[in-house]
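FYI, the numbering for the sequence shown is 17 to 251, going by full-length UniProt numbering.
A virtual CB, placed ideally from N, CA and C, is assigned to each residue, including glycine.
Since the structure is predicted, the reported quantities are computational estimates derived from the model, not experimental observations.
To start, the structure under review is shown below, and the notes come after it.
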Amino acid sequence: SSIEQAKRLAAYTAVDEHIHPDHKVIGIGSGSTVPYVVERIVQQGEDLNRHRVFIPTGFQSKELIVASNLSLGDVDQFPTIDVTIDGADEVDRDLNCIKGGGACHLREKVLAEAAETFILVADYRKNAEYLGTNFPGIPIEVVPFAYAKVLQNLHHVLGSPNATLRMAKAKAGPVVSDNGNFIIDAPFSPDVMKDPYKIMARIKMLTGVVEVGLFCHMAQAAYFGNQDGSVTVKE
Ligand code: DER
Numbered sequence: 017s018s019i020e021q022a023k024r025l026a027a028y029t030a031v032d033e034h035i036h037p038d039h040k041v042i043g044i045g046s047g048s049t050v051p052y053v054v055e056r057i058v059q060q061g062e063d064l065n066r067h068r069v070f071i072p073t074g075f076q077s078k079e080l081i082v083a084s085n086l087s088l089g090d091v092d093q094f095p096t097i098d099v100t101i102d103g104a105d106e107v108d109r110d111l112n113c114i115k116g117g118g119a120c121h122l123r124e125k126v127l128a129e130a131a132e133t134f135i136l137v138a139d140y141r142k143n144a145e146y147l148g149t150n151f152p153g154i155p156i157e158v159v160p161f162a163y164a165k166v167l168q169n170l171h172h173v174l175g176s177p178n179a180t181l182r183m184a185k186a187k188a189g190p191v192v193s194d195n196g197n198f199i200i201d202a203p204f205s206p207d208v209m210k211d212p213y214k215i216m217a218r219i220k221m222l223t224g225v226v227e228v229g230l231f232c233h234m235a236q237a238a239y240f241g242n243q244d245g246s247v248t249v250k251e
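Here's what the structure looks like:
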């Protein structure tokens, strides 16, 4: 489909431009676009990849690295990462982005911060002027013990009356993250989403919140594959 081709185009372009032979420690994100990133890195050849280590952002990311016969590393052993490439749910004109559609944003943010260079790859649906245009809610990872209180604060204090606990589709009950926590999806008004850093900080201060799916001023570049086969680069 044109969406899959757009994902591949973004991923291939980003790898060609940002994964250099001297890069040894590479962070691998989560979602359905990142497999094309790994596909392109594998194409760089065994001679290069033999000397590299790949740090996962969760279970799916780890399985992708293992399945691609790339060397798996741990962020404990490699706390400084050369380049992390990851997907996004929506990216605004300042490269702020919503992440967490796949409930992986805690480890993703750790590896994004640890990286010298953090690159986003996505199809055209994620390219926006402001956050909240096409992706309605901010994913929030919370400890199960506190989820009801966090929901109550979002509903009555922070201005997200429609915030909900993310329920699983193939399991009875809520989605559980790789860290054993729950996810709340909290939509906010367009005005609030125009200052993502401010709302991120307010949500982060709620007791029980582990991490907020807003990545502000973190990415150096974002690559979007378009339906016409072109690539849009924001940087
Ligand atoms: O959860 C995340 O932040 C993922 O990176 C993600 O939502 C992007 O997913 P996609 O590449 O499947 O669109």
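When Ser-193, Ala-131, Ala-162 and Tyr-163 are compared, the shortest CA-CA separation from His-34 is found for Ala-131. Each of Pro-72, Asp-201, Ile-81 and Asn-65 was checked against the Cα of Phe-94, and the nearest Cα belongs to Pro-72. Per DSSP, the continuous beta strand (DSSP E) segment holding Thr-133 begins and ends at 131-139. DSSP places Phe-161 in the helix class (H, G or I) of the three-state scheme. By the criterion of at least three beta-carbon pairs nearer than 8 Å, the stretch 93-112 is in contact with the stretch 125-141.
Residue pairing by DSSP puts Ala-238 in a beta bridge opposite Leu-136 and Lys-250. Glu-106 places its beta carbon 8 Å or farther from that of Ala-162. Between Tyr-28 and Arg-56, the CB-CB gap stays under 8 Å. Contact check between the stretch 141-157 and the stretch 196-209: three or more CB pairs, one atom from each, fall below 8 Å, which counts as touching. Counting only runs of 3 or more residues that sit fully inside the stretch 68-154, the beta strand (DSSP E) segments are 69-72, 97-102 and 131-139, in chain order. Shown here, Thr-29 sits in a helix according to DSSP, grouped into three states. In this structure, Gly-74 is the residue among Ser-87, Gly-74 and Val-191 with its C-alpha nearest to the C-alpha of Arg-123.
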